[in-house]
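Here the structure comes first, spelled out in structure tokens, and everything after it is commentary.
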Amino acid sequence: MASHGIKDQVAIVGMGCTPFGEHWDKGADDMLVDAAHEAYASAGVNQDDIDAFWLGTMGSGVSGLTLSKPLQIDYKPVSRLENMCATGSEAFRNACYAVASGAYDVVMAIGVEKLKDSGYSGLTGSRPPSDGTDSSLTAPATFSLLAPAYAHKNGLDDETMKEVLTRIAWKNHKNGALNPRAQFRKEVAKETIAGSPLVAGPLGIFDCSGVSDGSAAAVIVRAEDAHRYTDKPLYVKALSFSSGPATGALDPSYDYTTFREVRASAEEAYKQAGIDDPRSQIAMAEVHDCFTPTELVLMEDLGFAEEGTAWKEALNGTFDLDGDLPVNPDGGLKSFGHPIGASGLRMLFECWLQLRGEAPPERQIDSDRTLGLTHNLGGQPGACVSFVSVVGSEIG
Amino acid sequence: MVRGIIGYGTYVPYYRLDRAKITAAMGAGGGRGHRAVAGYDEDTTTMGVEAARNALRGSTVTPSSIWFATANPAYLDKTNATAIQAALDLPQETWAVDAGGSARSAEAAITGARGTPGISMAVISDLRTGNPTSNDESGGGDAATALLFGDDEDAPVIAHAIGRAAATGEFLDRYRLPGENASRIWEERFGEQAYLTLAEDAIERAMKEADLALEDVDKVVIAGLHARAVRSLSKIAGDKLVDDLTGRIGNPGAAQLPLLVASALDNAAPGETILCVHLADGANASVLRTTDAIADYTPFSSVESQIENGSDNLDYNLYLTWRGFLDREPPRRPDPDRPGAPPTFRSEDWKYAFVGSRDRSSGAIHLPPMRVSMDGGAVDDMERVRMADTPATIATFTVDYLAFSLSPPTVAVVIDFDGGGRFQAEMTDVDPDDVKIGDRVEMTFRRLFTAQGIHNYFWKARPLAE
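Right, here's the structure in full:
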């Protein structure tokens, strides 16, 4: 029994992504139509050419009807998936496997989330009836647990830790300012970020990802068929997923400075893709920066920085757009926004633009590397699911 | 065989309201000194649990009955003593009942526990509210006391009654319709004359049964919500009067009599006699005599130490908010879901008794309990492990400014228990600015919130008492 991966067996041949933001004038239906048709046009296909669909949404609808009704899909299979904030990636992963299996020739993975209709701050969701003992902490609070633990472990004082977190938010806002599809398209001064009202622990409002609406989609075919659709397909090198035993809050050996699930999924993805030094082999990465300390910890978990050094690398610009390894060149969850079901596919959309040289010139990464990585996380430190993909512009 | 008190525990909540803050805010009411204030996450049931835990910690006995009394029950129709029984992890055979509604019901719990064969525990708890600027608001207090009764064959009796008598009077002194958050009180001078007559009768008969004259008793405890009558009656005690603590914590209603008895026992020597008088819709007098065993008895936490360790910087606006007299703008977040009855029933050991599971082979402790071990994967090879009385250390923490709370922000801590086991808990009775990694904490039974008429009881962490 082993995991084998499907390196270079399938390819993305078209993508679509709506602008993310507060779309008071659009429902989930509208955004699905927009993203799907942009992806059809990108791949040069009609809806009738798609053999099966995978729809990711956390709470904007249930069942395949959530997609087949607005798109008027004629009696094709539509799977609806949910895997917390990694939902969009999960739709993509399953769609890829369906093609690799030979079951279908052309499929679509699409994600959507309509968050801004709830009237609440942050994320909400319904849970099954419980005994009332589950943690009532909000998402920013659970991720903020990383900050004092990381600072304590690495000997950072509160001021330095805040500076590191602020630098990460500043960087992602700077990138997002160059992205016409991003929710927040303005650079934000470090003083503004550091001085923003506190939400949880040391995290201010600017340490949190944008709550937004949006949708993104990909058309996936067998690698050998890819050139029928585009001259520049994006080959899938690795797909990994890790769902943990959720023992962080039970196990005293867990120190809240790492995501064990991320390490497991990164290791698996690097094995599938044949990567042994991600820092030097990857051109760019889109990671799950739901909150600033998350991005900090991910840099070590994904092997982009040595243990205990991510804070220094963040401060010295390693992950900037013009740094050694650009992270979240599209602005990330922080600035592009985080419509749950769409985010994983939005990350792939940036790889699609960057690795094909089609990003707007002001943020196009000039690199001779051909691999992009997406990392998508759901849950909280100590109890999460983690997805890693590696995609590349060349076979082999 | 002698039957009497074999142990006791008290609970005075952490917060104190400086009465001058009432005067400052309202231009009326208030006064000098402080009153004890139950936290926003406490009610008479949770305070009762804390007092009962203090009575049982350091004791080897297991009560077979619980008599719970309060004038301010958390639930009507539903028994509140059952939550206390569950939180103490007492067996199903335990008989747990409520006596409630009035300050006088304290006498029912005490008399019931004393008269029920076996080890019986009276738990009396009260949480006093009154209209802003009223005497009840400033003069009330919140507290609980548990008294353990048994025979000297079960455990050493530290004090027992050698005389007691009761007198009953039907008259309007104080009264409150169900659901109201303030009592109504008739003109004080009217109640005073009624009480003094009843007290004289009860005291005379109790002293006669004890075969003592008033001047022979060593201490006198006088409790009751009618301040004027209590003050008048106190003249009979002279310098034998036990401080009624009203200046420092206020008058905790039903819980005042047992709390003052506990306070007297905290400082009692063998062979002392204590006349205890309760003025509540009549008068109840009993004469207690301490035994030699009291010399060897040390309460888990004395009344004095609890009063000393409180925080007196509670703001009046928070007090009003906690008691429901002041509504704050809620966070832009959904209200919490009510706990479901079946899931709560299934997890009684966890939710109420804070019992986790320990893997018999690896020793790993699971909080909440798990069937499959996180260490080695053994299935259904667990033993129950109660962690309610185990201290812990903070591994990391945060302050959640967005989460639903009656008193934001919510402080959350990840704690590692001495001897193993980790849990992510809410923290209470703490200033968010004072929390740090490495701090020591202990568990306390609290009411997280109330949703759709269901009180969500569970355990929180609080700073470990020194």
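Those sequence lines, one after another, are chains L and S. 1 is the number of the first residue of the first sequence in my numbering; add one for each residue after it. 397 is the number of the first residue of the second sequence in my numbering; add one for each residue after it. Backbone N, C-alpha and C define an ideal beta-carbon position, used for all residues, glycine too.
Backbone CA spacing between residue i and residue j [nearest angstrom]
| i | j | result |
| --- | --- | --- |
| V391(L) | E82(L) | 22 angstroms |
| H622(S) | E584(S) | 8 angstroms |
| R428(S) | R500(S) | 27 angstroms |
| A39(L) | F349(L) | 10 angstroms |
| R181(L) | D25(L) | 16 angstroms |
| G214(L) | I50(L) | 22 angstroms |
| A861(S) | Y591(S) | 40 angstroms |
| Y571(S) | G497(S) | 10 angstroms |
| D776(S) | G379(L) | 27 angstroms |
| V795(S) | A808(S) | 6 angstroms |
| I73(L) | P738(S) | 42 angstroms |
| V638(S) | A502(S) | 19 angstroms |
| G667(S) | I833(S) | 48 angstroms |
| P233(L) | A149(L) | 42 angstroms |
| D900(S) | A495(S) | Any answer about residue 900(S) is impossible in this case: the structure gives chain S only from 397 up to 862. |
| A664(S) | T686(S) | 7 angstroms |
| A223(L) | A774(S) | 44 angstroms |
| P19(L) | L321(L) | 21 angstroms |
| T425(L) | T440(S) | For residue 425(L) there is no data in the structure shown, the boundaries of chain L being 1 and 396. |
| R127(L) | D723(S) | 27 angstroms |
From the options, residue whose alpha carbon lies closest to that of residue i
| i | options | result |
| --- | --- | --- |
| P360(L) | D225(L), D330(L), A151(L) and S389(L) | D330(L) |
| G425(S) | G834(S), I599(S), P459(S) and T529(S) | T529(S) |
| A762(S) | E744(S), V553(S) and M783(S) | One point to set straight first is that residue 762(S) is His, not Ala, in the sequence displayed. Measuring from the Cα of H762(S), the nearest candidate turns out to be M783(S). |
| W463(S) | L844(S), A505(S) and D829(S) | A505(S) |
| D614(S) | I581(S), S628(S) and A660(S) | A660(S) |
| P278(L) | M299(L), C85(L) and D29(L) | M299(L) |
| G372(L) | L178(L), D231(L), I220(L) and G357(L) | G357(L) |
| E90(L) | P293(L), Q47(L), G102(L) and G111(L) | G111(L) |
| E576(S) | G526(S), A551(S) and I790(S) | G526(S) |
| K174(L) | T374(L), A141(L), R363(L) and Y254(L) | R363(L) |
| F800(S) | Q272(L), Y120(L), V99(L) and N376(L) | Y120(L) |
| D437(S) | Y693(S), A470(S), A465(S) and R580(S) | A470(S) |
| E489(S) | A509(S), G511(S), S460(S) and V617(S) | S460(S) |
| T642(S) | V826(S), T440(S) and D532(S) | D532(S) |
| T541(S) | I515(S), E822(S), T442(S) and E600(S) | T442(S) |
Any chain S beta carbon closer than 8 angstroms to residue i
| i | result |
| --- | --- |
| Y256(L) | yes |
| V33(L) | no |
| G201(L) | yes |
| R263(L) | no |
| H152(L) | yes |
| D368(L) | no |
| G122(L) | yes |
| A249(L) | yes |
Neighbouring residues, chain L, relative to residue i (Cβ below 9 angstroms)
| i | result |
| --- | --- |
| K747(S) | D131, G132 and T133 |
| I480(S) | By Cβ distance, chain L contributes nothing, its closest Cβ being about 18 angstroms from I480(S), past 9 angstroms. |
Residue environment, residue i, which counts as buried when at least 16 other CB atoms sit within 10 Å
| i | result |
| --- | --- |
| S757(S) | exposed |
| R742(S) | exposed |
| H227(L) | exposed |
| F143(L) | buried |
| G155(L) | exposed |
| D301(L) | buried |
| L296(L) | buried |
| Y853(S) | buried |
| Q481(S) | buried |
| Q589(S) | exposed |
Closer than 8 angstroms to chain L by CB, residue i
| i | result |
| --- | --- |
| L798(S) | yes |
| Q820(S) | yes |
| S743(S) | yes |
| A808(S) | yes |
| L484(S) | no |
Interface residues of chain L facing residue i [CB-CB closer than 7 angstroms]
| i | result |
| --- | --- |
| F721(S) | What F721(S) touches in chain L: nothing, since even the nearest Cβ is about 25 angstroms away. |
| F854(S) | G132 and T133 |
| H622(S) | Ordered by position in chain L, no residue passes the 7 angstroms Cβ test against H622(S), which lies about 40 angstroms from the chain. |
Contact set between residue i and chain S, taken where Cβ atoms lie within less than 8 angstroms
| i | result |
| --- | --- |
| L234(L) | Near L234(L) there are no residues of chain S at all, since even the closest Cβ is about 38 angstroms away, more than 8 angstroms. |
Residue i: contacting residues in chain S (beta-carbon distance under 7 angstroms)
| i | result |
| --- | --- |
| S144(L) | T794 |
Chain S residues whose Cβ lies nearer than 9 angstroms to that of residue i
| i | result |
| --- | --- |
| T166(L) | The premise fails here: T166(L) is roughly 18 angstroms from chain S at the closest Cβ pair, so nothing lies under 9 angstroms. |
| A223(L) | In chain order: nothing, as chain S lies at least about 39 angstroms away. |
Practice task
Please name the residues in the segment 310–329 of chain L whose beta-carbon is closer than 7 angstroms to at least one beta-carbon of chain B, in chain order.
Solution key: Protein chains in the displayed structure are L and S, and chain B is not among them.
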